[in-house]
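Colleague: Each number in the working numbering corresponds to the 1-based position in the sequence shown with 20 added. Ideal Cβ placement from N, Cα and C applies to all residues, glycine included.
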Amino acid sequence: MAAPVSVLVVEDEPAILELVAVNLEHAGFAPLRAASAEEAARLLRQTLPDVALIDWMLPGQSGLAFARRLRADARTRELPVIFLTARSGENDKVAALEAGADDYLTKPFSPRELVARIRAVLRRRAPHLGEAPVEIAGLRLDPGAHEVRGNGRPLELSATEFRLLHFLMTHANRVYSRSRLLDEVWGDAAVVEERTVDVHVRRLRQALAASGHDALVETVRGSGYCLRGGAQP
């Protein structure tokens, strides 16, 4: 029997922490409780969960700073992160996505939607183990190794940017709208805004700039995005 999916819940309000944990248990998940970023960091030193659910407004280090901390650490860089917070402004959502969040859910929330989003994030995070590497203009992506290299140089991408680049490279020279990219990369069950695509394209370009490949990803005004170049085996 497979072990249950473990979810690190970082929430400083005891009632909300317990509500989330109980609903996760009912859904078959195994919640790990933390009331602060530092408590969560101690738990992470002992075990690596399958996904982290983080509140923005935490005592001490904020959830946003903690998400950046997770992305900066090689051990937790690929850990899926979902924000669960009362902050509902567009700028807040963009800031969280730019910090490396995979999804963003505002309070008050539906427990069923929360569980559905966790499952959707985990599905999207699954590696493309059976697929062959693809290379365009010196940019090589290996799905099995979950590795991207530009002219032989390792490039650091989050899992979301990896999936986005993989889709664009395997569909080179085709223009895709934001809504189509949401369906293909995030999944049609994901409830995220089209602005999310812009944020991750910007982050992808920043990562590719390290090897001079950022110009491969083009913005087609009024239509969407396209990666130019011919694929090589």
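When you compare the CB positions of Asp32 and Ala55, do they come within less than 7 angstroms of one another, or not?
Modeller: Within the sequence shown, residue 32 is the residue found at index 12, counting from 1. Within the sequence shown, residue 55 is the residue found at index 35, counting from 1. Yes, the pair counts as a contact, with Cβ atoms nearer than the cut-off.
Colleague: I'd like the list of long-range same chain contacts for Glu151, defined as Cβ closer than 6 angstroms, with 5 residues on each side in sequence excluded.
Modeller: Here residue 151 refers to the residue found at position 131 of the sequence shown. For Glu151, where only same-chain residues beyond five positions count, the Cβ hits under 6 angstroms are Pro163.
Colleague: Starting from Ala50 and walking both ways along the alpha helix (DSSP H), at which residues does that stretch end?
Modeller: The residue labelled residue 50 in the question sits at position 30 within the sequence shown. Premise fails: Ala50 lies in the beta strand (DSSP E), 50-54, not in any alpha helix (DSSP H).
Colleague: If you count every other CB in all the chains shown that lies within 10 Å of the CB of His186, and 16 or more means buried, which is it?
Modeller: Indexing the sequence shown from 1 puts residue 186 at position 166. The residue is buried, with at least 16 neighbouring Cβ atoms inside 10 Å.
Colleague: His220: buried (16+ other C-beta within 10 angstroms of its C-beta) or exposed?
Modeller: Residue mapping note: residue 220 aligns to position 200 of the sequence shown, counting from 1. Classification for His220: buried.
Colleague: What are the boundary residues of the beta strand (DSSP E) that includes Leu73?
Modeller: Your numbering for residue 73 matches position 53 in the sequence shown. Note, Leu73: beta strand (DSSP E), 71-74.
Colleague: In the DSSP assignment, the alpha helix (DSSP H) including Val40 goes from what residue to what residue?
Modeller: On the sequence shown, residue 40 is found 20 positions in, with the first residue counted as 1. Run containing Val40: 34-46, per the alpha helix (DSSP H) assignment.
Colleague: Between the Cα of Thr105 and the Cα atoms of Ser82, Val217, Leu236, which residue gives the shortest distance?
Modeller: Translated into positions along the sequence shown, residue 105 becomes position 85. Closest option to Thr105, Cα to Cα, is Ser82.
Colleague: Taking contact to mean at least 3 C-beta pairs separated by less than 8 angstroms, is the stretch 158-174 in contact with the stretch 222-242?
Modeller: Yes, since at least three Cβ pairs between the stretch 158-174 and the stretch 222-242 fall closer than 8 angstroms, the two stretches touch.
Colleague: How long is the line joining the alpha carbons of Val154 and Thr190, rounded to whole angstroms?
Modeller: In the sequence shown, the residue the question calls residue 154 occupies position 134. In the sequence shown, the residue the question calls residue 190 occupies position 170. If I take the Cα positions, the gap works out to 7 angstroms.
Colleague: Quick one: grab the DSSP three-state call for Pro253.
Modeller: Taking the sequence shown and counting its residues from 1, one reaches residue 253 at position 233. Confidence at Pro253 is low in this model, with a pLDDT of 43, below 50, so the placement of that residue is unreliable and no value is reported for it.
Colleague: Just tell me which of Leu142, Arg223, Arg248 has its CA closest to the CA of Val25.
Modeller: For the purposes of this step, residue 25 is identified with residue 5 of the sequence shown, where counting begins at 1. Out of Leu142, Arg223, Arg248, Leu142 has the C-alpha closest to the C-alpha of Val25.
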